[in-house]
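Undergrad: Be aware that the sequence shown starts at 37, since it is given in the numbering used here, and climbs by one per residue.
Encoded as structure tokens, here's the structure I'll be asking about.
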Amino acid sequence: EKNKLLTEKEKETTEPTKEIREFKEEWSQYLANSIKESDISDDVKEKLSESLDIYGILKELIEKIKSNEIVEEEFKQEVKKFEYILIEESHIAKPLFMNFDWFRRYYNGMIRKAGKKVAHLYISKKTREFLSYISGRIEQLENLGNTQENLKKFKEFLERYFQIKEKWALLLNRLIRETPNKEISTEIKKELETVIKLYCEIRAIQFSKKISKEDKEKLIQGRIEKYNPRFFELFEILKRFLGIYDNYSRNWMEKSLILEGKKTVKRLSQKIESIKKENTLHQILNDKSSSIQNYKEVLKENLYKNSLLSLKEKSQIIKIIQNKEISDLKMTKLVSILSKLSAEELLSLLGINNDQSLRRTGLVYFVLDKRTGKVYVGQTIRSLRDRFAEHLRDPPNKYFREAVNFYKQKGYKLKISYINDKSLTTQNNEFIIEIIGEARSQKLLNELEITEIKNRKSCVLDYFTIKDGHILPLYGYNIQRGGNYSVLSLKGKVAITYSHIDKEQLKSLIKRGLFVSEIAKELIVPDMIIITKIQEFWASEDIFTLDQTRKIFGGYDIYKSRMKHIPTSVPNSTTFSDKRLNNLVKLIKGGYSTPQMKFELDIDNSELYLMLRALGFSTFTSARDHYGSTELFCKKSRETLINSVKRGKDHAYYVDVDEGLFISLIKQKQDYKVLAQKLKIAERTVYEKSYELLDMSLPEAERIYRIYPKLEKKLLNEKDPRKFLKTPFFKDLITSGLTVEEVDKEFLKILIALGYSKKELEGLYGWDHYRMTRWIANILKMDFYRAIEEFWWKSRIMWLFRLGYSARQMRDVSLRLIGKHVTHGVLKRVFAEEYKIHGSKTWKYLKNLYET
Numbered sequence: 037e038k039n040k041l042l043t044e045k046e047k048e049t050t051e052p053t054k055e056i057r058e059f060k061e062e063w064s065q066y067l068a069n070s071i072k073e074s075d076i077s078d079d080v081k082e083k084l085s086e087s088l089d090i091y092g093i094l095k096e097l098i099e100k101i102k103s104n105e106i107v108e109e110e111f112k113q114e115v116k117k118f119e120y121i122l123i124e125e126s127h128i129a130k131p132l133f134m135n136f137d138w139f140r141r142y143y144n145g146m147i148r149k150a151g152k153k154v155a156h157l158y159i160s161k162k163t164r165e166f167l168s169y170i171s172g173r174i175e176q177l178e179n180l181g182n183t184q185e186n187l188k189k190f191k192e193f194l195e196r197y198f199q200i201k202e203k204w205a206l207l208l209n210r211l212i213r214e215t216p217n218k219e220i221s222t223e224i225k226k227e228l229e230t231v232i233k234l235y236c237e238i239r240a241i242q243f244s245k246k247i248s249k250e251d252k253e254k255l256i257q258g259r260i261e262k263y264n265p266r267f268f269e270l271f272e273i274l275k276r277f278l279g280i281y282d283n284y285s286r287n288w289m290e291k292s293l294i295l296e297g298k299k300t301v302k303r304l305s306q307k308i309e310s311i312k313k314e315n316t317l318h319q320i321l322n323d324k325s326s327s328i329q330n331y332k333e334v335l336k337e338n339l340y341k342n343s344l345l346s347l348k349e350k351s352q353i354i355k356i357i358q359n360k361e362i363s364d365l366k367m368t369k370l371v372s373i374l375s376k377l378s379a380e381e382l383l384s385l386l387g388i389n390n391d392q393s394l395r396r397t398g399l400v401y402f403v404l405d406k407r408t409g410k411v412y413v414g415q416t417i418r419s420l421r422d423r424f425a426e427h428l429r430d431p432p433n434k435y436f437r438e439a440v441n442f443y444k445q446k447g448y449k450l451k452i453s454y455i456n457d458k459s460l461t462t463q464n465n466e467f468i469i470e471i472i473g474e475a476r477s478q479k480l481l482n483e484l485e486i487t488e489i490k491n492r493k494s495c496v497l498d499y500f501t502i503k504d505g506h507i508l509p510l511y512g513y514n515i516q517r518g519g520n521y522s523v524l525s526l527k528g529k530v531a532i533t534y535s536h537i538d539k540e541q542l543k544s545l546i547k548r549g550l551f552v553s554e555i556a557k558e559l560i561v562p563d564m565i566i567i568t569k570i571q572e573f574w575a576s577e578d579i580f581t582l583d584q585t586r587k588i589f590g591g592y593d594i595y596k597s598r599m600k601h602i603p604t605s606v607p608n609s610t611t612f613s614d615k616r617l618n619n620l621v622k623l624i625k626g627g628y629s630t631p632q633m634k635f636e637l638d639i640d641n642s643e644l645y646l647m648l649r650a651l652g653f654s655t656f657t658s659a660r661d662h663y664g665s666t667e668l669f670c671k672k673s674r675e676t677l678i679n680s681v682k683r684g685k686d687h688a689y690y691v692d693v694d695e696g697l698f699i700s701l702i703k704q705k706q707d708y709k710v711l712a713q714k715l716k717i718a719e720r721t722v723y724e725k726s727y728e729l730l731d732m733s734l735p736e737a738e739r740i741y742r743i744y745p746k747l748e749k750k751l752l753n754e755k756d757p758r759k760f761l762k763t764p765f766f767k768d769l770i771t772s773g774l775t776v777e778e779v780d781k782e783f784l785k786i787l788i789a790l791g792y793s794k795k796e797l798e799g800l801y802g803w804d805h806y807r808m809t810r811w812i813a814n815i816l817k818m819d820f821y822r823a824i825e826e827f828w829w830k831s832r833i834m835w836l837f838r839l840g841y842s843a844r845q846m847r848d849v850s851l852r853l854i855g856k857h858v859t860h861g862v863l864k865r866v867f868a869e870e871y872k873i874h875g876s877k878t879w880k881y882l883k884n885l886y887e888t
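Set out below in structure tokens:
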């Protein structure tokens, strides 16, 4: 009887296990049935069903080999049947198998927890979500499977068809073109347009869903290397403007947007000029034929004649050029100081004549393949060595790549060796690169490259032979005839800002009776472009307006019938008299803008739109369409825009302000509202006038003309000996050519070095705690407590070391000599970098350093 009970107990415990095992097989059948019943496409159904079957077979094989039911050879033989799926389509199979595995665990877990009947209530909904997700995932994965084809098409699109369509970029390009050549040179304008186009291309690459992440990185890297790696610094300015554009556009701040656009253009032009100047300096100072050693004596002689560099900067330059060899860090520091000067001042300081190669744009060079005798001609603005290394690492086309791979496949390293300043070679003379010539403008550089490619017959398009159905180059590896025209300002249908709209597509949209705003939205262009395109396509047929196209091509009746469906009355519409509504109709017909209509009718925004709805329209665009005033409105908008971007005294509403009066009011501590009243200008204009008259913001002007002179006077008359300043210094700061930010930094360092607390600084500047904290961090690139350690503690501890005190001794005397107690913790914080290097020997090292 005992044995019988044990048998029954064993049966009870084994039955659930068997049941769960059955459920583990059921999930697959359930999912297969769900796939068949789903409304996803047949191709995806077939792919999912096939993948599910393969997953089940492979899972069963893995379980069998784990339990030793089959041998390893048999396992490999069975798996080999699915070799194509597992290798060639691994990018699809692997994610699918992982998702199937997740569903298996989810299904079995739900059955185990809730039981079969209850679980299926939840599982069915989850299964629909799962299939929706995984079907979309398959399409993505199949697209990634065609990576090379997609990449090839995308490259072709970028090279041949890409046009700027982003409105913020179009606005910047327009502002660049409208800026007078006196402010920004034509050459800089062209480069700025190139930078904007490049940034838009990079954004298009980043947001593309058709190419892989690795291909995106390669494309972006290739574009940056093609131009200048330092363009990333310009991209930061563009990124900032993009954020401003989105914010201002949403809030209809058109005038502010144009003002910000002009500021951005100015920043971009200044930055690109700075980059070019620094590149030129590096070029001069790194050139072996004209090493910095040649400039030492000239620099020393001319340095103290220069009035634009501060004494501190002159001292730094002298220290740097005293070294026999100048490190990269010191060279960067030297370039950053010298780049503050204009080109003429720099030439004078270095003793270089204008006809020397200071303004060289780039080089034209050729690479010779010694094995075949074929050449590749190219141009670059970088160093010859960098360009050579790039070609050997990533050849520019397939013919050059085949030449390089011939050696790499045989194990050659292709290391670069120096011959002279104008030529380099690989270690075993496989390739030689040599400078053909230099040029001072992009135009001359292009002309030289085209001529050399023609003379050396290196273009495959012109000189080739065909062997076994393949094109083979005869004399060279160039696939183009030369010239980099990406920086040229293109016009007409090849212009960067030209909107490519298909003529037939536009006609079909017009036939559908769409409003102009709807057509513009479909084609992703501004409303005004539609009218322009109608005139471009059909002006020769005497068709100039949208209504004419509707009547001739069809769509007019549909458009009119759609207009009838617009509500013609709204609640309280009777409160508007016929006279007022007629006045609104006249203004709409006259092409007035919304702000102008509000002004003319003397009403607010909400009342204006109630009147519009009373007329039977939901938008002013549809109303203008109805009354045929769209073209007139566009014309008036252009005129308004042209007037708004006029500068200085050309502006219709320009107000002349006396500079002396403006400065005197700032000195009197008047806020911007009082300034606006006394100068009889708008409050916003006060800030604009500060930039126009003083070339600085209003807060900067307040510090320079009011706060700092007052602070210096206070420091000179300070009774506390620890905060007393012996000699005036503010005038030297102003006359030394420092920027306002640099003056801020010097003043702040002096105040902290004298021992002023943050609360005292807040009182001196008249600011609150939050503003002072943020400003210190922005100016000094460190918080206030780190600044105290750097400018107060450090100088005093160095002084104690010079007096001969050791670290241990100064703990006893510091309170008496400097007013604060020097602890071990203070020393470690102040000299943290030295402590990392020298450890416990730091204090001995510092004592020896400062005693001598």
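Cβ atoms here follow ideal geometry from the backbone N, Cα and C, with glycine treated the same way.
Between the beta-carbon of Arg173 and the beta-carbon of Pro131, is there less than 9 Å?
TA: It is a contact, given that the beta carbons lie within the stated cut-off.
Undergrad: Under the rule that 16 or more other beta-carbon atoms within 10 Å means buried, what is Ala823, buried or exposed?
TA: With 16 or more other Cβ atoms within 10 Å, it is buried.
Undergrad: Could you name the residues of the same chain whose beta carbon sits closer than 7 Å to that of Leu617, not counting the 5 residues immediately before and after it, in chain order?
TA: Within the same chain, Leu617 has close Cβ partners Met647, Ala650, Leu651.
Undergrad: Within its chain, find whatever has a CB closer than 7 Å to the CB of Ile489; leave out the 5 residues flanking it on each side and keep chain order.
TA: Excluding sequence neighbours, Ile489 sits near Val413, Cys495, Asn514, Arg517, Gly518.
Undergrad: Since Gly414 is in the beta strand (DSSP E), which residue starts that stretch and which ends it?
TA: 411-416 is the extent of the beta strand (DSSP E) around Gly414.
Undergrad: Going by Cα to Cα distance, which pick from Thr809, Leu711, Lys703, Ser171 is closest to Tyr741?
TA: The shortest Cα separation from Tyr741 among Thr809, Leu711, Lys703, Ser171 belongs to Lys703.
Undergrad: Reducing DSSP to helix, strand and coil, say where Pro431 ends up.
TA: In this structure, Pro431 counts as coil in the three-state DSSP scheme.
Undergrad: Start and end of the alpha helix (DSSP H) containing Ala843?
TA: Unbroken alpha helix (DSSP H) run through Ala843: 843-854.
Undergrad: Can you give, in chain order, each stretch of the alpha helix (DSSP H) that sits fully within the segment 706-735 and has at least 4 residues?
TA: Counting only runs of 4 or more, we get 708-715, 719-730.
Undergrad: Any idea if Gly512 is buried or exposed, counting beta-carbon neighbours within 10 angstroms, 16 or more meaning buried?
TA: Buried, because 16 or more other Cβ atoms sit within 10 Å of the Cβ of Gly512.
Undergrad: Where does Lys877 fall in DSSP's three states?
TA: Lys877 falls in the helix class under three-state DSSP.
Undergrad: Which of the three DSSP states, helix, strand or coil, is assigned to Asn464?
TA: The answer is coil: DSSP assigns Asn464 none of H, G, I, E or B.
Undergrad: Alpha carbon to alpha carbon, how far is Trp835 from Ile854?
TA: Between Trp835 and Ile854, the C-alpha separation is close to 10 Å.
Undergrad: Could you give the distance in angstroms between the alpha-carbon of Ile12 and the alpha-carbon of Arg210?
TA: Because the chain here runs from 37 to 888, residue 12 falls outside it and cannot be looked at.
Undergrad: So, is His427 buried or exposed, given that buried needs 16 or more other C-beta atoms within 10 angstroms?
TA: Buried, because 16 or more other Cβ atoms sit within 10 Å of the Cβ of His427.
Undergrad: For the beta strand (DSSP E) containing Ile579, list its first residue and its last residue.
TA: Note, Ile579: premise wrong, no beta strand (DSSP E); not H, not E.
Undergrad: How big is the Cα-Cα spacing for Pro562 and Glu636?
TA: The straight-line gap from Cα to Cα measures roughly 27 Å.
Undergrad: Report the rounded CA-to-CA distance for Ser525 versus Thr461, giving the unit in angstroms.
TA: Residue confidence for Ser525 is low, a pLDDT of 32 falling below 50, so the modelled location carries little weight; the figure read from the coordinates is stated next. Computed Cα separation, rounded: 37 Å.
Undergrad: Assign Trp288 to one of two classes, buried (16 or more other C-beta atoms within 10 Å of its C-beta) or exposed (fewer than that).
TA: Per the 10 Å Cβ criterion, exposed.
Undergrad: Under 8 Å, with one C-beta from each stretch per pair, do the segment 289-308 and the segment 201-208 reach the 3-pair mark?
TA: Yes: the two stretches touch, three or more of their Cβ pairs being nearer than 8 Å.
Undergrad: Could you check the C-alpha separation between Tyr871 and Lys458 for me, to the nearest Å?
TA: The alpha-carbon atoms of Tyr871 and Lys458 are separated by roughly 46 Å.
Undergrad: Considering only the alpha carbon of each residue, which of Arg423, Phe551, Gly447, Phe136 lies closest to Thr14?
TA: Residue coverage of the chain in this structure runs from 37 to 888, which leaves residue 14 outside it and unanswerable.
Undergrad: Skipping 5 residues on each side, what residues in its chain have a beta carbon closer than 6 Å to that of Phe612?
TA: Closer than 6 Å at Cβ, skipping near neighbours: Met647, Ala650.
Undergrad: In whole angstroms, give me the CA-to-CA distance for Leu542 and Glu572.
TA: Between Leu542 and Glu572, the C-alpha separation is close to 12 Å.
Undergrad: Does His857 come out as helix, strand or coil in the three-state DSSP assignment?
TA: In this structure, His857 counts as coil in the three-state DSSP scheme.
Undergrad: Could you please give me the residues that DSSP links to Tyr454 through a beta bridge?
TA: Per DSSP, Leu460.
Undergrad: Determine contact between the segment 734-754 and the segment 775-783, defined as no fewer than three beta-carbon pairs at a distance below 8 Å.
TA: Flag = yes, the segment 734-754 and the segment 775-783 touch.
Undergrad: Phe442 by DSSP, collapsed to three states: which one?
TA: Helix at Phe442.
Undergrad: Using the beta-carbon count (16 or more within 10 Å), is Ser346 buried or exposed?
TA: Classification for Ser346: buried.
Undergrad: Can you round the beta-carbon distance between Leu67 and Leu97 to whole angstroms, since I take them to be within the 8 Å contact cut?
TA: In fact, because the Cβ distance is near 19 Å, the residues do not count as touching under 8 Å.
Undergrad: Can you tell me the Cα-Cα spacing of Ile468 and Phe271, whole angstroms?
TA: So the two alpha carbons sit approximately 36 Å from each other.
Undergrad: Please list the terminal residues of the continuous beta strand (DSSP E) segment that includes Lys503.
TA: Its beta strand (DSSP E) spans residues 500-503.
Undergrad: So, under 8 Å CB-CB, Phe653 and Gly627 are touching, yes? Tell me the CB distance rounded to an integer number of Å.
TA: In fact, because the Cβ distance is near 16 Å, the residues do not count as touching under 8 Å.
Undergrad: Give me whichever residues DSSP pairs with Gly473 in a beta bridge.
TA: Val400.
Undergrad: Whose C-alpha, out of Asn641, Ile273, Ile471, is nearest the C-alpha of Trp204?
TA: That would be Ile273, whose Cα lies nearest to the Cα of Trp204.
Undergrad: Counting along the chain, where does the beta strand (DSSP E) carrying Leu508 start and finish?
TA: Leu508 -> beta strand (DSSP E) spans 506-509.
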